[in-house]
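Novice: Numbering follows this note's numbering, with no gaps: position 48 of the first sequence is 48.
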Amino acid sequence: MLPKELRLKKRSAFNATYKTGKSFHNDGITMFCGRKNEMRHPTKAGFVVSKKIHKRAVKRNRIKRLMRESYRLFVKNNGTPEKYMSVIFVASTKLLNKDFKFIDTAILKLVEKL
RNA sequence: UAAAGCAGCCGGAUAAUCGCGCUCUUAGGAGUGAGGAAAGUCCGUGCAUCCAAGGACAGACCGCCGGAGAAACUCCGGGCAGCGCAAGCUGGCGGACAGGACCACAGAAAAUAUACUGCUAACCGCCUUAUUAAGGCAGGAGCGAUGGUGCAACGGUGAGUUAAGAGCUUCACCGGCGGUAUCGAAAGAUACCGACCAGGCAACCCCCGGUCGGAUGCAAGAUGAAUGAGACGUUAUAAAGGUGUCCGCCUUGUCUCAAAAAAUCGCUAGAGCUUUGGAGCAAUCCAAAGACCAGACAGAUGAUUAUCAGGGAAUUUUUCCCGAACAGAACACGGCUUAUGAGCUGCUUUAUUCU
RNA sequence: UGGGGCGUCGCCAAGUGGUAAGGCAGCUGGUUUUGGUCCAGCCAUCCCGGAGGUUCGAAUCCUUCCGCCCCAG
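And the structure:
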């Protein structure tokens, strides 16, 4: 789990990030990037697993936790990225019943862009 | 030994590294952190706000008997009915002479016993032969047996009686109804006696008995909080509004929208939990002691590695594989229903074999 | 999280206890030199989202499960 300062929380912040329109895709994960960061604040990250992926809360939470854990380990090893104000990771049905290694490699490929 | 039935348990453990929520803090850290169903939202309750003087009606729910419980489409015990060889399981189980509706097709007829189809020459009547009689006719009269249907036909089977017949104050057995006696706290059970009223359907309306103030749900609601705009009405036997309807009663303005995004509170010490003792067949209740046991809000409770319990396969001493199912708190609690891997424990029944 | 609604042929749908209407699409045949139009016929029959119950009889009444949609910040 990330510390509170690195989490994207507000509904308005989510909408603003989606509106900028910049996105990357890899292995069932889509990454949306917000505005360029001029103030040198640490980037805030949000994670989305919609109800369309699976009906049961357990399976959705599992995907969300694995994605967060992978991003947390990246931040711990390489430091907090500062290029964008915010990023959002959106999962798709491809990630159902996948293990940590699969999601970890997918996240790492996306995170190279930051 | 095999096959069943019932009741219950478990819902992985330990260690290391990296992390998250909440509380406390001497700021180093310490403590604590998902379930038996947290689920479905099918019932019920607390709690909160609004409405409600009061009355009537409507409405909702329940339905063998007794007990438990805050209440419940709840639980326990008993009865009855059905299923099973049995242990046992299942049951929305009051009333169809208060009334209404419905019972397709078929059938004479679907609730009305006599319309139809029929049976009967004992009686009245008529005809013929003819003479205390015999034969014929179904008009009167008697009868309710027969009638290929249908889920269901106004008790069933057998015998007697008769002109023909029939529950026929004739008989036997069975079924239903009512009464009396005994047992029982009651539902009910058993025995005896009597009469012959009578289809099904109330998970259709309804009747009887019982219970319930109503509506909205923590996105309830409180704090901030004071304001502005529009619509209707125009000073009163009117009009508008007030959370089922009407009467009544109340207000003089009422309603809608914007401000309105967030924050804090509500929020977890409880019809609660653990242990022990007592009462009771049991549900459950009583008493004592102990502990404090999630409280998030883009929403914590996680990730990786190792070992073990456990399971499977090959094989005979080890090797390999898996190491879990259903599933994630969101105000709280009591039930019900549904989902659920591998196992374990106890009791009971039936069958077979041995002693 | 709470509240409300729906489910009938491949699609749109009617049907409030007694044989499951109709249209579009599809298939077969006819008409035409051929195609279209038009005409006739076929197309739910263990099956009305699944399961159980009440009833002589259930798409319909009752219970329960499943799926889909809508509303409230």
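Ideal placement from N, C-alpha and C gives every residue a C-beta, glycine not left out. Just so it is clear, the structure is predicted and the values come from calculations on it, not from any experiment.
Within 8 Å, do at least three Cβ pairs link the segment 93–104 to the segment 59–68?
Specialist: Result yes; three or more Cβ-Cβ pairs closer than 8 Å.
Novice: Classify R72 as helix, strand or coil using the three-state DSSP reduction.
Specialist: Along the first sequence, one-based indexing puts residue 72 at 72. Residue state, collapsed to three classes: helix.
Novice: Assign I88 to one of three DSSP states: helix, strand, or coil.
Specialist: As a first step, residue 88 must be located in the first sequence, where it is residue number 88. In this structure, I88 counts as strand in the three-state DSSP scheme.
Novice: Bridge partners for K45 per DSSP, in chain order?
Specialist: Counting from one through the first sequence, the residue named residue 45 turns up at place 45. In the sequence as displayed, the identity of residue 45 is Ala instead of Lys. R7 and V87.
Novice: Under 8 Å, with one C-beta from each stretch per pair, do the segment 49–57 and the segment 3–16 reach the 3-pair mark?
Specialist: At 8 Å Cβ cutoff, the stretches do not touch.
Novice: In the DSSP output, which residue or residues are listed as bridge partners for I29?
Specialist: In the first sequence, residue 29 corresponds to position 29, counting from 1. BP columns for I29 point to N26 and A91.
Novice: What does the alpha-carbon distance come out to for the pair Y18 and P3?
Specialist: Here residue 18 is taken as the residue at index 18 of the first sequence, counted from 1. Here residue 3 is taken as the residue at index 3 of the first sequence, counted from 1. Roughly 23 Å between the two C-alpha positions.
Novice: Going by DSSP in three states, K113 sits in which element: helix, strand or coil?
Specialist: In the first sequence, residue 113 corresponds to position 113, counting from 1. It is coil, neither helix nor strand.
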